[in-house]
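Taking my numbering, the leading residue of the sequence shown gets 25, the next gets one more, and so forth. Read through the structure below, which is laid out as structure tokens, and then see the notes.
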Amino acid sequence: MIKTLPQDFIFGGATAAYQAEGATQEDGKGPVAWDNYLKENYWYRADPASDFYHKYPVDLQLAEEFGVNGIRVSIAWSRIFPSGFGEVNPKGVAFYHQLFEECHKHGVEPFVTLHHFDTPEILHSNGDFLNRENVEHFVNYAKFCFEEFPEVNYWTTFNEIGPIGDGQYMVGKFPPGIKYDFGRLFQSHHNMMVAHAKTINYFKKNNINGEIGIVHALPMKYPKEPNNSEDVRACELEDIIFNKFILDATYKGKYSEHTMAGVNHILSVNGGQLDLREEDFIALSAAKDLNDFLGINYYMSDWMEAFDGETEITHNGRGEKGSSKYQIKGVGRRAMDVDVPRNDWDWIIYPQGLYDQMMRVKRDYPNYKKIYITENGLGYKDEFVNNTVKDDARIDYVKQHLEAISDAIADGVNVQGYFIWSLMDVFSWSNGYEKRYGLFYVDFDTQERYPKKSAYWYKDVANSHKII
Ligand code: BGP
Numbered sequence: 025m026i027k028t029l030p031q032d033f034i035f036g037g038a039t040a041a042y043q044a045e046g047a048t049q050e051d052g053k054g055p056v057a058w059d060n061y062l063k064e065n066y067w068y069r070a071d072p073a074s075d076f077y078h079k080y081p082v083d084l085q086l087a088e089e090f091g092v093n094g095i096r097v098s099i100a101w102s103r104i105f106p107s108g109f110g111e112v113n114p115k116g117v118a119f120y121h122q123l124f125e126e127c128h129k130h131g132v133e134p135f136v137t138l139h140h141f142d143t144p145e146i147l148h149s150n151g152d153f154l155n156r157e158n159v160e161h162f163v164n165y166a167k168f169c170f171e172e173f174p175e176v177n178y179w180t181t182f183n184e185i186g187p188i189g190d191g192q193y194m195v196g197k198f199p200p201g202i203k204y205d206f207g208r209l210f211q212s213h214h215n216m217m218v219a220h221a222k223t224i225n226y227f228k229k230n231n232i233n234g235e236i237g238i239v240h241a242l243p244m245k246y247p248k249e250p251n252n253s254e255d256v257r258a259c260e261l262e263d264i265i266f267n268k269f270i271l272d273a274t275y276k277g278k279y280s281e282h283t284m285a286g287v288n289h290i291l292s293v294n295g296g297q298l299d300l301r302e303e304d305f306i307a308l309s310a311a312k313d314l315n316d317f318l319g320i321n322y323y324m325s326d327w328m329e330a331f332d333g334e335t336e337i338t339h340n341g342r343g344e345k346g347s348s349k350y351q352i353k354g355v356g357r358r359a360m361d362v363d364v365p366r367n368d369w370d371w372i373i374y375p376q377g378l379y380d381q382m383m384r385v386k387r388d389y390p391n392y393k394k395i396y397i398t399e400n401g402l403g404y405k406d407e408f409v410n411n412t413v414k415d416d417a418r419i420d421y422v423k424q425h426l427e428a429i430s431d432a433i434a435d436g437v438n439v440q441g442y443f444i445w446s447l448m449d450v451f452s453w454s455n456g457y458e459k460r461y462g463l464f465y466v467d468f469d470t471q472e473r474y475p476k477k478s479a480y481w482y483k484d485v486a487n488s489h490k491i492i
């Protein structure tokens, strides 16, 4: 039977400023840590990206033509405040007014993220969100944007607090490239959640126009052997690191006893201390019922098994299937020998995990109000032939995930939209330009766009609301 999605459902496409805009040196933009970090550690650069800074009218025209009625964009903080705070850059402000106007002109609702991985360099080298002064700088930047851009109806504070901490302080694939540091990991999660809470408290207190929420990446975790208590324990601990810690902060305004016991265990094995203050919990607790929506980014799940050795994480950034490793002392190991499909970057494809995750949010965090799936898609080494890409694997991937959403709606979860990652091809933070996701193929040399087979399919789904 063909499954359906509600009539007012948003069929969106997602982007992020740094991955799409390019123009990193243009019109007074301030530096971000990634500028140098890419030069020093990777084989690609943030310019030209998809040249969205100049090409956005083309992308929005295409979005409209292909039935896409929502777009996730982020504001590059350092275009507005080149130093993170203080002097405003009027050209940056003007750019985003033009961008939002163009979105509305095409009937493509902008969902605007304030922070998508790109903290201004000066604040980043000053400790990023480990430094509490930067929490205040973020809140002030947010306040400025709320006042400056009343045309925005949907705000998101942060994109993926979890993977930021993981990339910066565990895997070491994001600047500043620190590895295996649990103290910094949880402190970063916590401080960013406090920044979120303070922002949302301000937003609601001052009756700012529109809705506000947060986007979390929520990979589902399963025990490899459900009857093996050690596998179950490994699964619980990974779930705390990647899901429960930030969900508790978002919707409970505190960390549950179970969550904190897990965190303390992990810190006792791996070292590290946390600075959690009473005033933080006052902010978190005041914010817990104020989130208008939760954005879920879902790409993959993991199967966890017991593990009794030293921490070792190997990032597979080149798409060499089977080359990744993720094992944490005192926590567990991600099993590589489970019989579930994965992509070339070892991301396990498991649509049921999206369903399970939404049901878990509904069950454990009943004050969630509503959900948008703010990112989901298939990273693939696309083959460009005859001016298009026959990306049947991507269609299949998205179809199965839309079906999972349809099932969750039928089972009582309030889901109101889906944003494919990504609208057009963009570069990937730690995997370069080779890992493509877009509905529209981008020739990065000419910056021409070419609709892929998936774009035509997505259009049919968006027009009919039937998952064909
Ligand atoms: C999310 C980010 C996106 C995007 C996506 C795909 O974590 O919010 O910015 O990059 O994942 O990930 P990747 O580029 O690593 O394949």
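Where is the CB? At the ideal position from N, CA and C, for every residue including glycine.
| Item | Value |
| --- | --- |
| Is Pro243 near the ligand BGP, with its Cβ less than 6 Å from a heavy atom? | no |
| Start and end of the beta strand (DSSP E) containing Tyr350? | 349-352 |
| Between which residues of its own chain and Ala273 is the CB-CB distance below 6 Å, once the five residues before and five after are set aside? | Met217, Leu308 |
| Comparing C-alpha positions only, which one of Lys405, Asn400, Gly296 sits nearest to Lys345? | Lys405 |
| Can the beta-carbon of Ala73 be found less than 7 Å from the beta-carbon of Gly116? | no |
| Reducing DSSP to helix, strand and coil, say where Val239 ends up. | strand |
| Which whole runs of the alpha helix (DSSP H) in the stretch 114-155 are 4 residues long or more, in chain order? | 114-129, 145-148 |
| Say yes only if the C-beta of Asn183 is nearer than 6 Å to one or more non-hydrogen atoms of the ligand BGP, and no if none qualify. | yes |
| Less than 6 Å between the CB of Ser452 and some heavy atom of the ligand BGP, yes or no? | yes |
| Hey, out of Leu154, Phe468, Leu447, whose CA is closest to Tyr480's CA? | Leu447 |
| What are the boundary residues of the beta strand (DSSP E) that Ser98 is part of? | 94-98 |
| Terminal residues of the continuous beta strand (DSSP E) containing Glu399? | 395-399 |
| Tell me which residue opens and which closes the alpha helix (DSSP H) that Phe269 is part of. | 269-275 |
| Kindly give me the distance between the Cβ atoms of Ile395 and Leu318, rounded to whole angstroms, as I take these residues to be in contact under 8 Å. | 5 Å |
| Assign Asn60 to buried or exposed, taking buried as 16 or more other Cβ atoms, counted over all protein chains shown, within 10 Å of its Cβ. | exposed |
| Counting along the chain, where does the beta strand (DSSP E) carrying Arg358 start and finish? | 356-358 |
| Excluding the 5 residues flanking Gly52 on each side, which residues of the same chain have their C-beta closer than 7 Å to its C-beta? | Pro106, Asn113, Lys115, Gly116 |
| Can you list, in chain order, the residues of its chain whose CB lies under 6 Å from that of Asp416, leaving out five sequence neighbours each side? | none |
| Would you call the stretch 182-190 in contact with the stretch 130-142, where contact means no fewer than 3 C-beta pairs closer than 8 Å? | yes |
| Taking its Cβ as the centre, do 16 or more other Cβ atoms sit within 10 Å of Trp101, making it buried, or is it exposed? | buried |
| Any heavy atom of the ligand BGP closer than 6 Å to the CB of Lys459? | yes |
| Alpha helix (DSSP H) containing Lys229: first to last residue? | 206-229 |
| Would Ala57 and His148 qualify as a contact pair, given that the criterion is a beta-carbon distance under 7 Å? | yes |
| Taking the straight line between their C-alpha atoms, what separation do you get for Lys245 and Lys276? | 21 Å |
| His121: which of Arg103, Ser454, Lys476, His489 sits nearest, CA to CA? | Arg103 |
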